[in-house]
Amino acid sequence: MRSSMKVNWRSIKWARNSYAALYAACEQSGITLHETDHPSDDITCYSLNSVDEPHYRDEIADADCITIVGGPHASACPAEVASYADYVVVGEGEFTLPALIRRIEQGDGELPSGVCSGAVCRPVTHQVFLPAYLPFTRVKGTIEISRGCPYRCAYCQTPCLFGNRMRHRTIDGIVRAAEHYRDVRFVTPNALAYGSDGVHPRLDRVEALLRALQGHRIFFGTFPSEVRPEWITDASLELITTYASNTKLHFGAQSGTDRVLRLLKRGHTAEDVIHAVERCHDHGITPIVDYIFGFPFETDEDQYATIDQIREVTRYGKIHAHYFTPLPGTPLAGTTPRDVLPDIQHILGNLALHGKATGSWIEAEIRFFNRNENQ
Numbered sequence: 008m009r010s011s012m013k014v015n016w017r018s019i020k021w022a023r024n025s026y027a028a029l030y031a032a033c034e035q036s037g038i039t040l041h042e043t044d045h046p047s048d049d050i051t052c053y054s055l056n057s058v059d060e061p062h063y064r065d066e067i068a069d070a071d072c073i074t075i076v077g078g079p080h081a082s083a084c085p086a087e088v089a090s091y092a093d094y095v096v097v098g099e100g101e102f103t104l105p106a107l108i109r110r111i112e113q114g115d116g117e118l119p120s121g122v123c124s125g126a127v128c129r130p131v132t133h134q135v136f137l138p139a140y141l142p143f144t145r146v147k148g149t150i151e152i153s154r155g156c157p158y159r160c161a162y163c164q165t166p167c168l169f170g171n172r173m174r175h176r177t178i179d180g181i182v183r184a185a186e187h188y189r190d191v192r193f194v195t196p197n198a199l200a201y202g203s204d205g206v207h208p209r210l211d212r213v214e215a216l217l218r219a220l221q222g223h224r225i226f227f228g229t230f231p232s233e234v235r236p237e238w239i240t241d242a243s244l245e246l247i248t249t250y251a252s253n254t255k256l257h258f259g260a261q262s263g264t265d266r267v268l269r270l271l272k273r274g275h276t277a278e279d280v281i282h283a284v285e286r287c288h289d290h291g292i293t294p295i296v297d298y299i300f301g302f303p304f305e306t307d308e309d310q311y312a313t314i315d316q317i318r319e320v321t322r323y324g325k326i327h328a329h330y331f332t333p334l335p336g337t338p339l340a341g342t343t344p345r346d347v348l349p350d351i352q353h354i355l356g357n358l359a360l361h362g363k364a365t366g367s368w369i370e371a372e373i374r375f376f377n378r379n380e381n382q
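Positions in the sequence shown are counted from 1; adding 7 to them yields this note's numbering.
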């Protein structure tokens, strides 16, 4: 059944992959999403993160159409978003968005699970079974191979949006999606965790995936995905160097001290990071390592220790530094970032001048709007 209403998708650069996935899901239900640069017609849908949400709040509140808002910020703050949007989708949207659009068309006033409207909020009662949905169809996106994360990092919204249990697409489904590309890139919290529970590696399943994708140029564990440092072993690197084309590997350290890593519930140590860097170097892979400065419990000594580790990392690789953003829906929501020491800013600036550091350790928004570490 084709949709009786015109449904638009508000074009937002960072949410392009969400558009691709939800276009495919809506298409499966006979609904076409039309990309637009302003709210119009019958329904306009938005996907917002917590950094860009303030830029669209007034636009949504003033829209002369029905507005539906989802994404990380809506999932973390549904009541807030429901104060200016007509409907809020909480969590994953593949099932919920088409179901909501059909209910709006029918005009019966009944909300699907995972939707808030006004003061009424229906709790989420389902998780998406990824193999039931294509990652994209006419609107192309990066291939999402896994969703969810068993780790509960204190700064991360992923569990709020996708839950703590890892789910995976089938190898056949991934291969079919890859037919649209010569260069294949992936979306996943941890590429090396494909086929596993996210805690215990299943490199046999990783190898089966990579082997099935031969004939493509594979970029595995590079932006927009990454891996975890303790998963970087000789065996996992041999898989990457054997089957993939990338010469870089992206992973998060976030801090150079075990004290901060424990408070963040990262699940790895500072030593794991150095071992991962050294193993990458041994296998001819350049490590690209993420760090976050400005955690509220970070001391001067923690910042200097992180810089000491960064000096070790940049002997063989590069770093991408962020300034901490206390995102809603995370354990650190509502906390106040601490300043980055002037000495630290100076050292990071020098590393950037020498091509060893990217990112922004002063302005958090650049973390979301300026990122390109593809190879």
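Just so it is clear, CB atoms sit at the ideal spot from N, CA and C, and this is done for glycine as well. For clarity, every value in this text was computed on a predicted model and none was experimentally measured.
Taking the C-alpha atoms as reference points, what is the distance between residue i and residue j?
i, j, result
"Ala260", "Ser47", "43 Å"
"Gly228", "Cys33", "29 Å"
"Ile111", "Arg23", "25 Å"
"Thr365", "Ile281", "19 Å"
"Gln134", "Leu348", "43 Å"
"Tyr311", "Gln352", "11 Å"
"Val191", "Ala139", "21 Å"
"Val213", "Lys272", "26 Å"
"Gly222", "Tyr53", "36 Å"
"Gly362", "Thr306", "27 Å"
"Ala200", "Cys72", "42 Å"
"Ala86", "Thr249", "49 Å"
"Leu168", "Arg176", "18 Å"
"Ser153", "Val194", "7 Å"
"Asp241", "Leu210", "12 Å"
"Trp16", "Thr103", "15 Å"
"Glu245", "Ile369", "37 Å"
"Asp204", "Arg159", "14 Å"
"Gly77", "Gly98", "8 Å"
"Ile299", "Asp93", "35 Å"
"His290", "Ser36", "47 Å"
"Asp243", "Asp44", "A quick correction: the sequence has Ser, not Asp, at residue 243. Near 43 Å, if we compare the C-alpha coordinates of Asp44 and Ser243."
"Val234", "Pro208", "12 Å"
"Lys325", "Phe136", "37 Å"
"Gly357", "Thr321", "For clarity, residue 357 is Asn in the given sequence; the question names Gly instead. Taking the straight line from one Cα to the other gives about 12 Å."
"Arg378", "Gly114", "Bear in mind that the predicted position of Arg378 carries a pLDDT of just 45, short of 50, making it unreliable; the figure below should be weighed with that in mind. So the two alpha carbons sit approximately 42 Å from each other."
"Met6", "Asp49", "Only positions 8 to 382 of the chain appear in this structure, which leaves residue 6 out of reach."
"His62", "Ile295", "31 Å"
"Gly155", "Ala83", "15 Å"
"Val206", "Phe258", "16 Å"
"Ala384", "Ala68", "Residue 384 lies beyond the range of the chain shown here (8 to 382); nothing can be said about it."
"Ser10", "Glu117", "18 Å"
"Pro130", "Tyr91", "20 Å"
"Gly341", "Arg64", "20 Å"
"Ile239", "Ile354", "27 Å"
"Thr276", "Gly202", "24 Å"
"Cys123", "Asn171", "22 Å"
"Ala359", "Val127", "49 Å"
Name the residue from the options whose alpha carbon lies nearest to the alpha carbon of residue i.
i, options, result
"Trp21", "Val96, Glu87, Asn56", "Asn56"
"Val96", "Tyr323, Ile75, Leu348", "Ile75"
"Thr336", "Thr165, Ala219, Gly116, Ser367", "Here residue 336 turns out to be Gly, not Thr, going by the sequence shown. Of the listed residues, the one whose Cα sits closest to Gly336 is Thr165."
"Pro231", "Thr240, Ala340, Pro196, Gly98", "Pro196"
"Pro303", "Gly291, Asp346, Ala328, Thr321", "Asp346"
"Tyr162", "Leu339, Asn357, Ile369", "Leu339"
"Ala219", "Gly180, Ser203, Glu237", "Gly180"
"Pro157", "Ile150, Glu151, Met173", "Met173"
"Gly121", "Thr132, Ile19, Ala70, Glu308", "Thr132"
"Ile150", "Thr342, Val88, Ser25", "Ser25"
"Gly274", "Glu237, Ser10, Asp49, Ala31", "Glu237"
"Leu256", "Ala198, Ala277, Asp309", "Ala198"
"Ser18", "Glu42, Ser10, Ala27, Pro344", "Glu42"
"Gly301", "Arg64, Thr276, Pro344", "Pro344"
"Leu270", "Asp309, Ser252, Ile239", "Asp309"
"Val58", "Cys128, Leu334, Thr276", "Leu334"
Suppose contacts are defined by Cβ-Cβ distances below 8 Å. Is residue i in contact with residue j by that definition?
i, j, result
"Gly100", "Leu29", "yes"
"His80", "Glu66", "no"
"Leu216", "Ile178", "yes"
"Val182", "Ile108", "no"
"Asp297", "His327", "yes"
"Pro119", "Ile38", "no"
"Tyr323", "Ser367", "no"
Less than 8 Å between CB atoms is the rule here; does residue i satisfy it with respect to chain C?
i, result
"Glu99", "Absent from the structure: chain C. Only one protein chain is present."
Measure how close the beta-carbons of residue i and residue j come, nearest whole angstrom, since I'm counting them as under 8 Å.
i, j, result
"Thr293", "Thr254", "6 Å"
"Ala89", "Gly148", "Not quite, the Cβ-Cβ distance comes to about 28 Å (not below 8 Å), so this is no contact."
"Ala70", "Thr51", "6 Å"
- Item | the region 130-145 in contact with the region 313-333 per 3-pair CB rule at 8 Å | no
- Task: Decide yes or no for the touch test of the region 216-226 against the region 257-272: beta carbon pairs closer than 8 Å, at least 3 of them.
- Result: no
- Query: Does the region 178-195 come within contact of the region 278-289, defined as at least 3 CB pairs closer than 8 Å?
  - Reply: no
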